[in-house]
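J.: Numbering (the numbering used here), first residue to last: 222 to 304.
(1) By how many angstroms is the C-alpha of residue 280 removed from the C-alpha of residue 263?
(2) Nearest-angstrom Cα distance between residue 230 and residue 256?
(3) The alpha helix (DSSP H) that contains residue 234, what's its start and end?
(4) Report the rounded CA-to-CA distance for residue 241 versus residue 235, giving the unit in angstroms.
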């Protein structure tokens, strides 16, 4: 049909612009999500460090005394039973 070539080109250009915009938004969203994850990880590690410090002051002979000093390092100790 005559005249549809122009409409097809406009539609293709519009689809291309839409795809580029979606790709740009997706990339920006992934970057922002990674920044949020890193910030949350820092907060969690700080909280764990603070909790470990509190435990060391409260329970001098407890499991917190035997853990490594770095954040995120945990020690699993066996549960002792009274019998």
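Every residue, glycine too, gets a C-beta built ideally from N, C-alpha and C. Quick caveat, the model's predicted, so the values are computed rather than measured.
T.: In short, the structure shows the following:
(1) One Cα belongs to residue 263, the other to residue 280, and the distance between them is close to 25 angstroms.
(2) 39 angstroms
(3) Counting along the chain, the alpha helix (DSSP H) containing residue 234 begins and ends at 225-279.
(4) 10 angstroms
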